[in-house]
Amino acid sequence: MNKIFIFLIFIYLSVLNVSGRSYSRVISSVRHTNWGNWHAPVFCPGNSFAIGIQIIFLSYQWTKDDSHLNAIRLICDDIASTRIQSGEGPFGSWLT
């Protein structure tokens, strides 16, 4: 759980420092298994930037496989509050 919290703080701080489309950052994690994939990158519409996130999180499953973080959705700062994501895993629920 602590690793996920640190990861989310990292994402939040990363989106606060964006000053234009020429800025980019690759977000990745240490691979602990061979299960799962990263999806293609997506971006907020032009002249907007990410101001928040939502995640899909699977709680601890005791003896079952735990996938935990299964999607990240960015909330963009535009008139429609656009939400973007590149993919999501099949398990867990959206947290807001």
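Numbering (mature numbering (1 follows the signal peptide of the UniProt record, and there is no 0)), first residue to last: -20 to -1, 1 to 76. Just so it is clear, CB atoms sit at the ideal spot from N, CA and C, and this is done for glycine as well.
(message) Checking 9 Å against the spacing of the C-beta atoms, do Ile35 and Ala51 come in under that value?
(response) yes
(request) In angstroms with no decimal places, state the Cα-to-Cα distance between Leu54 and His48. (result) 18 Å
(request) May I ask you to check if the CB of Ile33 is nearer than 8 Å to at least one heavy atom of the ligand HEM? (result) Looking at this structure, you won't find the ligand HEM or any other ligand, since it has none at all.
(request) Report the rounded CA-to-CA distance for Val10 versus Ser28, giving the unit in angstroms. (result) 30 Å
(request) Identify whether Gly26 lies in helix, strand or coil by the three-state DSSP scheme. (result) coil
(request) In the DSSP assignment, find the beta strand (DSSP E) that holds Ser73 and state where it starts and stops. (result) 73 to 75
(request) Using the Cα positions of Trp74 and Phe37, report the straight-line distance between them to the nearest angstrom. (result) 7 Å
(request) Would you check if the distance between the CB atom of Val22 and the CB atom of Ile59 is smaller than 9 Å? (result) no
(message) If I follow the unbroken beta strand (DSSP E) through Ala51, where does it start and stop?
(response) 49 to 56
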